[in-house]
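Peer 1: The structure is given below, and queries will be raised subsequently.
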Amino acid sequence: MTRAEEIPLVPEGAFAEEVPPSAERWEDRKRAIRATLWELFWDLPPQRTPAAVVDRSERREGYRLEHITFGNGVGHTVFGYAMIPDDRGRRAPAVLYHHYHGGRYANGKEEALDRTAFDKYGNLGFAPAERLAQMGYVVVAIDAYAFGERRWQGPAGKKEEGRQTEWALAKTFLWAGRNLWAMMVLDDILALNYLCGRPEVDPDRVACMGMSMGATRSWWLAAMDDRIKACVSVSCLTRYQNLIAAGAVNQHGFYYFVPGMLRRGIDAEAVIGCIAPRAHLTLSGDEDAGSPVDGIRMINAFQERIYGLYGRGDCFRGIVYEKTGHVWSPAMWDETIAWLKRHIGEPEKGR
24 MTRAEEIPLV
34 PEGAFAEEVP
44 PSAERWEDRK
54 RAIRATLWEL
64 FWDLPPQRTP
74 AAVVDRSERR
84 EGYRLEHITF
94 GNGVGHTVFG
104 YAMIPDDRGR
114 RAPAVLYHHY
124 HGGRYANGKE
134 EALDRTAFDK
144 YGNLGFAPAE
154 RLAQMGYVVV
164 AIDAYAFGER
174 RWQGPAGKKE
184 EGRQTEWALA
194 KTFLWAGRNL
204 WAMMVLDDIL
214 ALNYLCGRPE
224 VDPDRVACMG
234 MSMGATRSWW
244 LAAMDDRIKA
254 CVSVSCLTRY
264 QNLIAAGAVN
274 QHGFYYFVPG
284 MLRRGIDAEA
294 VIGCIAPRAH
304 LTLSGDEDAG
314 SPVDGIRMIN
324 AFQERIYGLY
334 GRGDCFRGIV
344 YEKTGHVWSP
354 AMWDETIAWL
364 KRHIGEPEKG
374 R
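Take the sequence shown: its letter number 169 is residue 192 in the numbering used here, and every next letter is one higher.
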């Protein structure tokens with residue numbers, strides 16, 4: 024019998040996704056990857072268009088802020104913001120904005136309005152989602168599980184909040200045959216359904232974006248749903264085997280992990296590769312402890328080759344900033360805006 028200390032923590036032997044000889048072969052592989060991921064997500068409720076309710080509306084500088092709620096199919100309410108620009112064209116491009124983690128459980132979707140939210144992550148001095156709405160993009164942002172108005176949404180209700188809620192949900196979902204990350208992705212798909220159904224939105228010009236956990240939510244959503252035409256992922260581009268090798272697994276919260284991925288031969292470059300040939304911009308620092316730079320470079324190199332199969336090299340760009348940590352810097356913001364304008368266009372003014 025094999026001694027316990029000889030049993031590897033993960034499947035033996037490092038592996039990397041292979042680049043196929045053609046775009047057609049990658050399309051076949053994408054279908055297989057997605058099918059496996061849906062299987063590993065376990066028992067999820069249906070993906071439907073939620074019957075969202077606007078609880079209240081208020082005027083802000085350059086846009087109307089709507090407080091929305093909808094059910095997610097497992098008895099939980101999702102709280103969100105819809106930001107509708109003033110002086111917009113009939114059908115505007117739109118962005119599904121994903122907030123970060125950072126242990127700021129009380130914040131959640133408030134990041135969309137909080138001009139100090141990035142003070143420790145790059146000193147932008149403004150709220151990116153609000154700035155997008157003021158530029159004319161329709162924006163939707165929701166609270167992820169355990170954040171914002173959902174920070175008491177665990178089995179203990181008001182007795183627990185934030186991190187305790189996050190851990191309790193992760194454990195309870197495992198008993199129910201689900202996993203927390205899958206439920207977060209599902210909520211983001213429901214939010215996308217809602218966003219694409221808004222009369223102000225051009226559903227052919229929808230992007231998603233975010234920093235840190237928001238970046239991971241963004242590239243997972245874009246990988247699983249072709250309605251996302253452009254994705255910007257800032258400061259969280261993590262290859263799992265490299266994270267393990269760096270001893271940095273605990274840089275990420277418990278929410279982050281999908282059981283069985285490595286056993287089934289899927290690492291992050293394969294998931295991210297499912298976005299191709301749609302537009303994807305990755306912005307990373309070479310000193311980000313949660314994203315070992317060797318893994319970042321492997322992911323970006325793989326994507327460059329995959330996009331090359333489609334003859335769409337201009338639709339992927341991966342930038343690694345030197346001597347840069349876990350931030351969203353002004354330079355990264357400039358790249359973000361240029362990418363959105365290029366791939367989903369600039370909002371029209373007037374009716």
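Here a beta-carbon is modelled for each residue, glycine too, at the ideal position from N, C-alpha and C.
Since this is a predicted model, take the numbers as computed values, not measurements.
1. Just grab the DSSP bridge partners of residue 344 for me.
2. Measuring only the C-alpha atoms, how far is residue 150 from residue 243?
3. Between residue 122 and residue 237, how many whole angstroms is the CB-CB distance? I'm expecting something under 8 Å.
4. From the DSSP output, which residues share a beta bridge with residue 123?
5. Note down the Cα distance separating residue 65 from residue 176, rounded to an integer number of angstroms.
6. Using 10 angstroms around the beta-carbon of residue 167, count the other beta-carbons present and answer buried if the total reaches 16, otherwise exposed.
7. If you check the beta carbons only, do residue 305 and residue 326 fall under 9 Å apart?
8. Just list the alpha helix (DSSP H) runs in the segment 273-317, keeping only unbroken ones of 4 residues or longer that don't cross its boundaries, in chain order.
9. Any idea if residue 268 is buried or exposed, counting beta-carbon neighbours within 10 angstroms, 16 or more meaning buried?
10. Do residue 319 and residue 260 have their C-beta atoms within less than 9 Å of each other?
11. Please classify residue 139 as buried or exposed, where buried requires at least 16 neighbouring CB atoms within 10 angstroms.
12. Let's see if you can read the secondary structure: which residues bound the beta strand (DSSP E) around residue 256?
13. Name the two residues that bound the continuous alpha helix (DSSP H) containing residue 59.
14. Locate the alpha helix (DSSP H) running through residue 237, then write down its first and last residues.
15. For residue 361, is the classification buried or exposed, using 16 other Cβ atoms within 10 angstroms of its Cβ as the cut-off for buried?
16. Keeping to the same chain, check which residues put their C-beta closer than 6 Å to that of residue 97; ignore five residues upstream and five downstream.
17. For residue 193, count neighbouring Cβ atoms within 10 angstroms of its own Cβ and tell me buried if that reaches 16, exposed if not.
18. Between the segment 127-142 and the segment 200-207, can you find at least three pairs of beta-carbon atoms closer than 8 Å?
19. So is residue 164 buried or exposed if we call it buried at 16+ other beta carbons inside 10 Å?
20. Considering only the alpha carbon of each residue, which of 45, 247, 366, 73 lies closest to residue 337?
21. Can you say whether residue 356 is buried or exposed, counting buried as having 16 or more other CB atoms within 10 angstroms of its CB?
22. If we ignore side chains and look at the alpha-carbon of each, how far apart do residue 99 and residue 252 end up?
23. Does residue 265 pass the burial test, meaning 16 or more other C-beta atoms within 10 Å, or should it be called exposed?
24. Determine the extent of the beta strand (DSSP E) in which residue 90 is found, giving its start and end residues.
25. Quick one: Cα of residue 239 to Cα of residue 233, how far?
Peer 2: Taking the geometry as given:
1. Stepping through the sequence shown from its first residue, residue 344 is reached at position 321. For residue 344, the pairing in a beta bridge is given by DSSP as 308.
2. Taking the first residue of the sequence shown as position 1, residue 150 is located at position 127. Taking the first residue of the sequence shown as position 1, residue 243 is located at position 220. Taking the straight line from one Cα to the other gives about 23 Å.
3. Numbered from its first residue, the sequence shown carries residue 122 at position 99. Numbered from its first residue, the sequence shown carries residue 237 at position 214. So it is a contact: roughly 5 Å between Cβ atoms.
4. To locate residue 123, count along the sequence shown from 1; it is residue 100. In the DSSP output, where bridge partners are listed per residue, residue 123 has none listed.
5. For this step, residue 65 is matched to residue 42 along the sequence shown. For this step, residue 176 is matched to residue 153 along the sequence shown. C-alpha separation (whole angstroms): 21 Å.
6. Taking the sequence shown and counting its residues from 1, one reaches residue 167 at position 144. Residue 167 should be labelled buried.
7. Here the question's residue 305 lines up with position 282 in the sequence shown. Here the question's residue 326 lines up with position 303 in the sequence shown. Result yes, Cβ atoms of residue 305 and residue 326 sit closer than 9 Å.
8. Secondary structure in the segment 273-317: the alpha helix (DSSP H) runs of 4 residues or longer, each lying completely within the stretch, are 291-296 in chain order.
9. Taking the sequence shown and counting its residues from 1, one reaches residue 268 at position 245. Of the residues assessed, residue 268 falls on the exposed side of the cut-off, its CB having fewer than 16 other CB atoms within 10 angstroms.
10. For the purposes of this step, residue 319 is taken as the residue at position 296 of the sequence shown. For the purposes of this step, residue 260 is taken as the residue at position 237 of the sequence shown. Yes, these two residues count as a Cβ contact at 9 Å.
11. Taking the first residue of the sequence shown as 1, we reach residue 139 at position 116. It counts as exposed.
12. As a first step, residue 256 is located in the sequence shown; it is residue number 233 there, counting from the start. Where residue 256 is concerned, the enclosing beta strand (DSSP E) stretches over 253-257.
13. The residue you call residue 59 lines up with position 36 of the sequence shown. Note, residue 59: alpha helix (DSSP H), 46-63.
14. Working through the sequence shown from its first residue, we reach residue 237 at position 214. DSSP places residue 237 inside the alpha helix (DSSP H), whose first and last residues are 236-247.
15. The residue given as residue 361 occupies position 338 in the sequence shown. Classification for residue 361: exposed.
16. Counting from one through the sequence shown, the residue named residue 97 turns up at place 74. These residues qualify, in order along the chain: 68.
17. For the purposes of this step, residue 193 is identified with residue 170 of the sequence shown, where counting begins at 1. The residue is buried, with at least 16 neighbouring Cβ atoms inside 10 Å.
18. No, because fewer than three Cβ pairs between the segment 200-207 and the segment 127-142 fall closer than 8 Å, the two stretches do not touch.
19. On the sequence shown, residue 164 is found 141 positions in, with the first residue counted as 1. Around the Cβ of residue 164, a 10 Å sphere holds 16 or more other Cβ atoms; the residue is buried.
20. On the sequence shown, residue 337 is found 314 positions in, with the first residue counted as 1. Checked all of 45, 247, 366, 73; the closest Cα to residue 337 is 366.
21. Within the sequence shown, the letter at position 333 stands for residue 356. Under this definition residue 356 is a buried residue.
22. Within the sequence shown, the letter at position 76 stands for residue 99. Within the sequence shown, the letter at position 229 stands for residue 252. Straight-line Cα distance between these residues: approximately 29 Å.
23. Reading the sequence shown from its first residue, position 242 is the one you call residue 265. Buried, by the Cβ-count rule.
24. Translated into positions along the sequence shown, residue 90 becomes position 67. Note, residue 90: beta strand (DSSP E), 86-94.
25. Against the sequence shown, residue 239 aligns to sequence position 216. Against the sequence shown, residue 233 aligns to sequence position 210. If you take the alpha carbons of residue 239 and residue 233, they lie about 8 Å apart.
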